[in-house]
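Asker:
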Amino acid sequence: MRHDFQAIRSIVDYAAPVLATAQPSQIDQLQKLQNAVLRLMLGAPQWSKLCNLRAEAKIPQLLYRVRAISLNLLAGKATHPRHSAIVRSVTQTLAARPGRRPFQEKDLGQQNSTQHKITAS
């Protein structure tokens with residue numbers, strides 16, 4: 001069963017940059033599924049605390065793992081000169097919208113229209 005979990009985990013890791021933009025309700029559904037699998041793998045009863053299960057299995061919450069992988073990917077791109085403009089754009093978008101989920105369609109639409117105005121001038 002551990003191999004099955006590792007196979008699923010590798011898919012989640014690969015999809016981490018996409019999952020970073022997912023709705024909180026979607027992440028919650030995936031987290032509940034991970035919790036159920038942890039209980040099954042460890043043979044733990046329903047009343048077991050999730051923090052204990054995660055500690056025993058050495059598995060972080062899904063949201064933390066997705067964020068860590070996404071930030072590591074972004075940090076790796078930030079050091080490469082070819083990607084500096086992209087990283088600068090992402091950083092500006094995140095800084096302009098503190099506390100909001102990044103990369104919402106309306107944010108991207110506003111940013112794109114601003115870029116077109118600047119380019120056309």
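Each residue of the sequence shown is one higher than the one before, starting from 1 at the first, in UniProt numbering.
Each residue gets a CB set at the ideal place from its N, CA and C atoms; glycine is no exception.
The structure presented is a predicted model; accordingly, all values stated were derived computationally and were not measured.
(1) Is it true that the region 63-78 meets the region 42-55, where meeting means three or more beta-carbon pairs spaced less than 8 Å apart?
(2) Using the three-state DSSP reduction, which class does Q46 fall into: helix, strand or coil?
(3) Tell me where the alpha helix (DSSP H) around I69 begins and ends.
(4) How many angstroms separate the CA atom of H116 from the CA atom of S89?
(5) So what does DSSP say about I59, is it helix, strand or coil?
(6) In angstroms with no decimal places, state the Cα-to-Cα distance between L40 and S84.
(7) Roughly how many angstroms lie between the CA atoms of Y14 and W47, to the nearest whole one?
(8) Quick one: what's got a C-beta closer than 7 Å to I8's C-beta in the same chain, skipping five residues either side?
(9) Going along the chain, which residues of its own chain have a beta-carbon closer than 7 Å to the beta-carbon of T79, five neighbours each way excluded?
(10) Kindly list the residues whose CB is nearer than 6 Å to the CB of A16, restricted to its own chain and excluding five residues on each side of it in sequence; keep chain order.
(11) Alpha carbon to alpha carbon, what distance is there between A36 and L30?
Answerer: Judging by the given coordinates:
(1) Fewer than three Cβ pairs drawn from the region 63-78 and the region 42-55 lie within less than 8 Å of each other, which leaves the two stretches out of contact.
(2) Walking along the sequence shown from the start, residue 46 turns up at place 46. If DSSP states are grouped into helix, strand and coil, Q46 belongs with coil.
(3) By one-based count along the sequence shown, residue 69 stands at place 69. Here the alpha helix (DSSP H) through I69 covers 62-78.
(4) One-based indexing of the sequence shown puts residue 116 at position 116. One-based indexing of the sequence shown puts residue 89 at position 89. Legend: pLDDT at H116 = 40, less than 50; position of this residue unreliable, value from coordinates given subsequently. Distance between the alpha carbons of H116 and S89: 14 Å.
(5) Position 59 of the sequence shown holds residue 59. Looking at I59 - three-state DSSP - the assignment turns out to be coil, as it is neither helix nor strand.
(6) Counting from 1 along the sequence shown, the entry for residue 40 is found at position 40. Counting from 1 along the sequence shown, the entry for residue 84 is found at position 84. Straight-line Cα distance between these residues: approximately 44 Å.
(7) Translated into positions along the sequence shown, residue 14 becomes position 14. Translated into positions along the sequence shown, residue 47 becomes position 47. Cα-Cα distance, rounded: 32 Å.
(8) To locate residue 8, count along the sequence shown from 1; it is residue 8. For I8, where only same-chain residues beyond five positions count, there are no Cβ hits under 7 Å.
(9) Stepping through the sequence shown from its first residue, residue 79 is reached at position 79. Contacts found: none.
(10) Here residue 16 refers to the residue found at position 16 of the sequence shown. Closer than 6 Å at Cβ, skipping near neighbours: V66, I69, S70.
(11) Working through the sequence shown from its first residue, we reach residue 30 at position 30. Working through the sequence shown from its first residue, we reach residue 36 at position 36. Distance between the alpha carbons of L30 and A36: 10 Å.
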